[in-house]
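*Asks:* So the protein sequences, as listed, match chains A and B. Quick note on our numbering: the first sequence kicks off at -15 and runs consecutively. Quick note on our numbering: the second sequence kicks off at -15 and runs consecutively.
2 protein chains.
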Amino acid sequence: MKVLIVYAHPEPRSLNGALRNFAVDRLQSAGHEVIVSDLYAMGWKAVVDSADFLNHETGQPLKVEAASKRAYEAEAQSADIAAEQRKLFWADVLILQFPMWWFSMPAILKGWVDRVYAYGLAYGVGEHSDRRWGDRYGEGTFKGKRAMLIVTTGGWASHYSERGVNGRMEDLLFPINHGVLYYPGFDVLPPYVLYRTGKYDDARHRQTLAELGERLDTLATTAPIPYRMQNGGDYEIPSMELKEALSAGRQGLDIHLA
Amino acid sequence: MKVLIVYAHPEPRSLNGALRNFAVDRLQSAGHEVIVSDLYAMGWKAVVDSADFLNHETGQPLKVEAASKRAYEAEAQSADIAAEQRKLFWADVLILQFPMWWFSMPAILKGWVDRVYAYGLAYGVGEHSDRRWGDRYGEGTFKGKRAMLIVTTGGWASHYSERGVNGRMEDLLFPINHGVLYYPGFDVLPPYVLYRTGKYDDARHRQTLAELGERLDTLATTAPIPYRMQNGGDYEIPSMELKEALSAGRQGLDIHLA
């Protein structure tokens, strides 16, 4: 398989750097092709602005959605954006690796999503009718590809558990797993999350490599998170509310699991 | 009151720009002092790196948490970070205004959080014992101050409703409201969210200004989201799991509401 790792950590001599290197070696040893987008090393520009859209008319108001659509259609995006999009088309599997900062991605990775996910590529795809509401959530450009997060955090696992004070990790990651990955069509594998990185030793590192290695070995076969397809009959159109009979009486984001 | 608006939109001639100007006028007319951090206009650097920490030794590995702690303690942070922190100390109310991009903040605003929220200021505050687990979630540096989001999105309200396909807006914003604002001590007011900005006309704009104006007029009195205090007896220490008897049988992030 072809694996794209988008990696967002400022220090290569870090635990994240070690895990990234391990992942690349492990995947290559298994015969996979790997490309790493090392955002810090690339000096990735994090901020959407008019320079992203080469056909944006100077002095005109920047309407991001419209500008993105025009630039994507005309192949007039800045070169760094187009290069990342080519990697996405190339890849069978997308891995986003990052330390959790303030319960989400570091800004540099959010800026990769904001800029690379063009209108016509990741959103604004497909037809709207009484039976479909665009190609998103289980359909879309990246349908057939898989994606997975590798996340590190200093917090304890129990603080992120079902009733942990930080909020459940699955819920904190929902905007990314469901909103960034499932939206444009990826099958999203359960994330690999490493907790309490401040208390880390050789024994834990061996365990981490064993667990992460297992996850990398099974990228092709691990069952994805069973998010409900938007256009599969579970949601009313166009209100896009889950039909009454489904997940009845339940609360929380898990209602969107089939 | 003193109000800090941190504003993240690339185009001043936009709906967000109009709402920002409206908010400033409305607050000033009511006698409040207002400072706007217009992140795009400031050319805000979104990405944490070693340049943020003036006392970081060149060539040494960058450990972000430790570097942030050392720089904050020694007053050796880059000037742009220190300036934003002074504004936070000055303010009685913090407003974050942004268009929702990919179910979260634009990268430039995430980078404001990542960089301004230093160790010793926003996290790593307070003592850990069998009765307390640091000053966070209802306690901390910003206790006594209030915060509120102003968010715009192209999506329909029903798509973000209790059972909407995007996930419920309250849950999507939990990493920000609870994780970014409540964590260092802010009382967090319900967000003002404007939906379906692609279908917008004068009538809707009048309604928006009336609603937003009302929210701005009542910043001091609106009841905050009733998140549970971490050290108030509702969570086990140190596992930080919600005690069994509380929100029993319920699922989802609302278990963290008192």
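Even for Gly, the Cβ is constructed at its ideal location relative to N, Cα and C.
Per DSSP, L78(A) is paired with what?
*Replies:* Note: L78(A) sits in a beta bridge opposite L(-12)(A) and A131(A).
*Asks:* Short check: CB of P175(A) to CB of A106(A), under 7 Å?
*Replies:* Their beta carbons are not under 7 Å apart, which means P175(A) does not touch A106(A) by this criterion.
*Asks:* Any C-beta of chain A within less than 9 Å: which residues of the segment 197 to 214 of chain B qualify?
*Replies:* Per Cβ criterion, the list reads R212 and Q214.
*Asks:* Do L178(A) and T294(A) have their beta-carbon atoms positioned less than 7 Å apart in this structure?
*Replies:* Residue 294(A) lies beyond the range of chain A shown here (-15 to 242); nothing can be said about it.
*Asks:* Buried or exposed: E228(B), going by 16 or more other Cβ atoms within 10 Å of its Cβ?
*Replies:* Exposed, by the Cβ-count rule.
*Asks:* Within 8 Å, do at least three Cβ pairs link the segment 210 to 224 of chain B to the segment 146 to 155 of chain A?
*Replies:* Flag = yes, the segment 146 to 155 of chain A and the segment 210 to 224 of chain B touch.
*Asks:* With 7 Å as the threshold, decide whether the Cβ of A55(B) is near any Cβ in chain A.
*Replies:* Chain A contact via Cβ: absent.
*Asks:* Output needed in chain order: residues of the segment 70 to 100 of chain A with a Cβ under 9 Å from some Cβ in chain B.
*Replies:* Going along the segment 70 to 100 of chain A in chain order, one finds P83, W85, W86, F87, S88, M89, P90, A91, I92, L93, K94, G95, W96, V97, D98 and R99 with a Cβ nearer than 9 Å to chain B.
*Asks:* Which of the three DSSP states is assigned to V109(B) in this structure?
*Replies:* The answer is coil: DSSP assigns V109(B) none of H, G, I, E or B.
*Asks:* By the 10 Å Cβ neighbour count, where 16 or more other Cβ atoms means buried, how is F158(B) classified, buried or exposed?
*Replies:* Buried.
*Asks:* Exposed or buried, H(-7)(A), counting other C-beta atoms within 10 Å across all chains shown (16 or more means buried)?
*Replies:* Classification of H(-7)(A): buried, given that the 10 Å Cβ count is 16 or more.
*Asks:* Considering only residues of the same chain and omitting the five flanking positions on each side of W12(B), which have a CB-CB separation below 8 Å?
*Replies:* Reading off the sequence, residue 12(B) comes out as Gln, not Trp. So the list reads V18, once near-sequence residues are dropped.
*Asks:* In the DSSP output, what is V20(A) paired with across the bridge?
*Replies:* V20(A) is bridged to I(-11)(A).
*Asks:* Against chain A, does R147(B) count as a neighbour if the rule is that its beta carbon must be under 7 Å from one of theirs?
*Replies:* Yes, its Cβ sits closer than 7 Å to a Cβ of chain A.
*Asks:* My output table needs one value for Q214(B): the three-state DSSP class, helix, strand or coil.
*Replies:* Helix.
*Asks:* Going along the chain, which residues of its own chain have a beta-carbon closer than 8 Å to the beta-carbon of K53(B), five neighbours each way excluded?
*Replies:* Hits under 8 Å: A102, Y103, G104 and G108.
*Asks:* What residues in the segment 157 to 188 of chain B have a beta carbon less than 7 Å from any beta carbon of chain A?
*Replies:* Flagged, chain order: F158, P159, H162, G163 and V164.
*Asks:* Compute the distance between the beta-carbons of V97(B) and A30(A), then report whether it is under 7 Å.
*Replies:* In this structure, A30(A) does not lie closer than 7 Å to V97(B) by Cβ.
*Asks:* Check W96(A) in the structure and name its three-state DSSP category.
*Replies:* In this structure, W96(A) counts as helix in the three-state DSSP scheme.
*Asks:* Can you list, in chain order, the residues of its chain whose CB lies under 6 Å from that of V20(A), leaving out five sequence neighbours each side?
*Replies:* Cβ within range, chain order: I(-11) and Y(-9).
*Asks:* Taking only three categories from DSSP, how would you classify Q69(A)?
*Replies:* Q69(A): helix per DSSP, three-state reduction.
*Asks:* Of all the CB atoms in chain B, is at least one closer than 7 Å to the CB of D155(A)?
*Replies:* Judged by the 7 Å Cβ criterion, D155(A) is in contact with chain B.
*Asks:* Excluding the five sequence neighbours on either side, which residues of its own chain have a C-beta within less than 6 Å of the C-beta of F82(A), listed in chain order?
*Replies:* A(-8), M89, P90 and L93, listed in sequence order.
*Asks:* Identify every residue that forms a DSSP beta bridge with G148(B).
*Replies:* Beta-bridge pairing links G148(B) to E225(A).
*Asks:* Have a look at P(-4)(A), S223(A), R234(A) and G163(A) and flag the residue whose alpha-carbon is nearest the alpha-carbon of W85(B).
*Replies:* Closest option to W85(B), Cα to Cα, is G163(A).
*Asks:* Report the three-state DSSP secondary structure of S88(A) (helix, strand or coil).
*Replies:* If DSSP states are grouped into helix, strand and coil, S88(A) belongs with the strands.
*Asks:* Suppose only complete runs of 4+ residues qualify. What are the alpha helix (DSSP H) ranges in the segment 169 to 201 of chain A, listed by chain order?
*Replies:* As far as the segment 169 to 201 of chain A is concerned, its whole alpha helix (DSSP H) runs of at least 4 residues are 186 to 201.
*Asks:* Following the continuous alpha helix (DSSP H) through A2(B), name the residue where it begins and the one where it ends.
*Replies:* Note, A2(B): alpha helix (DSSP H), L(-1) to S13.
*Asks:* Can you say whether E198(A) is buried or exposed, counting buried as having 16 or more other CB atoms within 10 angstroms of its CB?
*Replies:* Exposed: under 16 other Cβ atoms inside 10 Å.
*Asks:* Is the separation between the beta-carbon of L237(B) and that of D155(A) shorter than 7 Å?
*Replies:* Yes, they are a contact pair.
*Asks:* What residues from chain B crowd round S62(A), counting only those whose CB sits closer than 8 Å?
*Replies:* In chain order: nothing, as chain B lies at least about 14 Å away.
*Asks:* Use the C-beta contact count for F73(A): other C-beta atoms within 10 angstroms, 16 or more gives buried, fewer gives exposed.
*Replies:* Under this definition F73(A) is an exposed residue.
*Asks:* Who are the near neighbours of D171(B) in its chain, counting only those whose CB is closer than 6 Å to its CB and skipping five residues on each side?
*Replies:* So the list reads R130 and P208, once near-sequence residues are dropped.
*Asks:* Taking the continuous alpha helix (DSSP H) assigned at Y101(A), which residues delimit it?
*Replies:* Element bounds for Y101(A): n/a, residue is neither H nor E.
*Asks:* Run through the DSSP bridge pairs and tell me what T245(B) is partnered with.
*Replies:* The question about residue 245(B) has no answer, for chain B in this structure spans -15 to 242.
*Asks:* For Q191(A), which residues from the same chain have a beta carbon less than 7 Å from its beta carbon, with the 5 sequence-adjacent residues on both sides left out?
*Replies:* Result list for Q191(A): empty, nothing under 7 Å.
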